[in-house]
Structure formats: C-alpha cells, structure tokens
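Mapping of the sequence shown onto the UniProt record's numbering: position 143 corresponds to residue 143, and the numbering continues sequentially without gaps. Beneath this line is the structure, given in structure tokens, with notes to follow.
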Amino acid sequence: MSDNQNLLAEQRRALILDEVRRRGGVRVNELTRRLNVSDMTVRRDLDALARQGVIEKVHGGAVPLAEASTHEPGFEAKSSLEQGAKEDIARAAAAMAAPGSAIALSGGTTTYALAQHLLDVPDLTVVTNSVRVADVFHTAQRPAAGGAPRPGAATVVLTGGVRTPSDSLVGPVADQAIRSLHFDVLFLGVHGISVQAGLSTPNLAEAETNRRLVCSARRVVVVADHTKWGTVGLSSFARLDEIETLVTDGGLSAEARAEMAEHLPGLVVAGEEDAA
C-alpha cells in the first residue's frame, strides 16, 4: 500500500481503526509495512486513537476498546471522531432536503454537521430534539439589533425532554410533542446499525423518542459514518426495512456495502454519488 504514504493523518487513522476492528487487533510492525510509514508515525496515530477512546494500546500494537452496550459517549467526545466523514455525509444529505419542506433532525454529531449545511435551504420547518442542532439555526438566524429575520429563514421547533450525554432531549415530554407531528423527511443519527439489531442506541429513553421520530416521518434518511456499521447498543428502535436511505462515507468496506445492499432500499456513499 505504497500510495498510503501521502495519506492525511485522519485518513490513515481511519484505516488503522478499520483494521483493528476487522481483525480484533494489530501490531505496530504490521501497520508500518501496510501503510508505508515510520514506526514513530504509527505510534503517534495509535496514541491519538487511544485518546479518542476507540482503541486500547497494548504491548507492540492495539486492540479494540471493549465498550458496554450501555456506554454513551458525550457530545464533545463524539464530535472529534470521523470529522471528515461526517462533513462529507452532511453535504450529501443536505441535498435531500427540499425548500419549504418539514424535516426532523435527531440528536448526534452527524446531524449537527448536517444542520450547518441546511442553513441555505429556504423556508424549512425543522423539528429537532437536539439542543446543539437548534443552536445552529438560532445562532445563524439571529437578526442584528433592530433587524428582521432574513427571508427564507427556517422555523425551528425544539422538543422538550430530559437531556442526554449527547445533548438530545428525550423522554415522555419529547415523545408527546413528536407524536402529534408529521415530517416529510427525518434525518436520523444513530449509535449503531447492523442487520440483526437494526438501529440501536445505549439510551433506553432515547430509543423510545427515536421510535416516535421514525413513526412520524414519511421518509427516513439515516446519516452514519462507516464506524457505526456492526455496532450494537442496548436498545433497538427501528428495523433496516424502515429506512429509505443510508448516507455514509467512503470508509465503508466492500463487504459491508454488499451486506447493506441486501437489506436497505437506498445506499448513498458520500463523494461517490456521481459514480453511483
């Protein structure tokens, strides 16, 4: 893999993480040969991935970090992961939001990135249970002193509820608010996605709120980077056949793409839309 010597650090670390997860562990000397980089570069990459909490360093290499199905990282911890992939996914998903439509955005760092790309779509009605997503629209649309809101600015409805570590509002208050609404499209972030478990989250209350979001939407578009494939949280809240489209990134393996194609009506790989 001599071409990998010019990879950006983020791309290189994504490859390392994929290798660790796929094989259950890697050695430093294997990575230096595979990536055609120095021993010191690989060790710096492993240090960075360990700080992100996605691998555990061991003598001579690294293994996947064993996480309980109830573990839920905070928003800041998740926002540092797969930033390039999330940006690509957000850009591709934003093209699916029609001007003047009613959309819903769930909580998560990928939907947060998507919200920033939706600011230029006129006349949206946005329902969200994410404090962070609501803040994106509020900050961008706040008029100057004495001024009026800009034409075409989104109307944003923030549900109530109990705040989770990922800054989502969940629970009976959020569920009741969502139950009476109907969306043209739901953009849904997930903790994990698999054939067996469908869409899942480590938070039981969030699972129920996500169920309500799915039930209220005419179309469901899942926005999830490749690391979410094969991850299973404590509670499942939707089957794969309830999803219209999954928007993911180019880090998804060929095997995973083939498996997804058997179970999902639509698969969009950000950056590869024209080729598809």
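Where is the CB? At the ideal position from N, CA and C, for every residue including glycine.
(request) Note down the Cα distance separating residue 170 from residue 244, rounded to an integer number of angstroms. (result) Within the sequence shown, the letter at position 170 stands for residue 170. Within the sequence shown, the letter at position 244 stands for residue 244. Distance between the alpha carbons of residue 170 and residue 244 is about 24 angstroms.
(message) My assumption, with CB atoms under 8 angstroms, is that residue 212 sits in contact with residue 175. Please give the rounded CB distance.
(response) The sequence position of residue 212 within the sequence shown is 212, counting from 1. The sequence position of residue 175 within the sequence shown is 175, counting from 1. Sure, about 5 angstroms apart at Cβ, within 8 angstroms.
(message) Tell me the DSSP secondary structure of residue 252 in three-state form.
(response) Here residue 252 corresponds to residue number 252 of the sequence shown, with the count starting at 1. If DSSP states are grouped into helix, strand and coil, residue 252 belongs with coil.
(request) Helix, strand or coil for residue 16, going by three-state DSSP, please let me know. (result) As a working mapping, residue 16 is identified with position 16 in the sequence shown. It is helical.
(request) Could I get the ranges of all uninterrupted beta strand (DSSP E) runs contained in the UniProt domain "HTH deoR-type" (9–64), with 3 residues as the minimum, in chain order? (result) 55–58 and 61–64
(message) Considering only DSSP beta bridges, list what residue 193 is partnered with.
(response) Residue numbering aside, residue 193 sits at position 193 when the sequence shown is read from its first letter. Beta-bridge pairing links residue 193 to 199 and 229.
(message) Under DSSP, the beta strand (DSSP E) around residue 266 begins and ends at which residues?
(response) For this step, residue 266 is matched to residue 266 along the sequence shown. Segment 266–269, the beta strand (DSSP E) holding residue 266.
(request) State the CB to CB distance for the pair residue 177 and residue 164, rounded to an integer number of angstroms; the pair is presumed to be in contact (CB under 8 angstroms). (result) On the sequence shown, residue 177 is found 177 positions in, with the first residue counted as 1. On the sequence shown, residue 164 is found 164 positions in, with the first residue counted as 1. Not really, about 16 angstroms apart at Cβ, beyond 8 angstroms.
(message) What residue range does the alpha helix (DSSP H) around residue 178 cover?
(response) Here residue 178 refers to the residue found at position 178 when the sequence shown is read from its first residue. Where residue 178 is concerned, the enclosing alpha helix (DSSP H) stretches over 172–179.
(message) Alpha carbons only, please: which of 19, 241 and 89 is nearest the one belonging to residue 35?
(response) One-based indexing of the sequence shown puts residue 35 at position 35. Among 19, 241 and 89, the Cα nearest to that of residue 35 belongs to 19.
(request) May I have the straight-line CA-CA distance separating residue 51 from residue 180, to the nearest angstrom? (result) Counting from one through the sequence shown, the residue named residue 51 turns up at place 51. Counting from one through the sequence shown, the residue named residue 180 turns up at place 180. C-alpha separation (whole angstroms): 42 angstroms.
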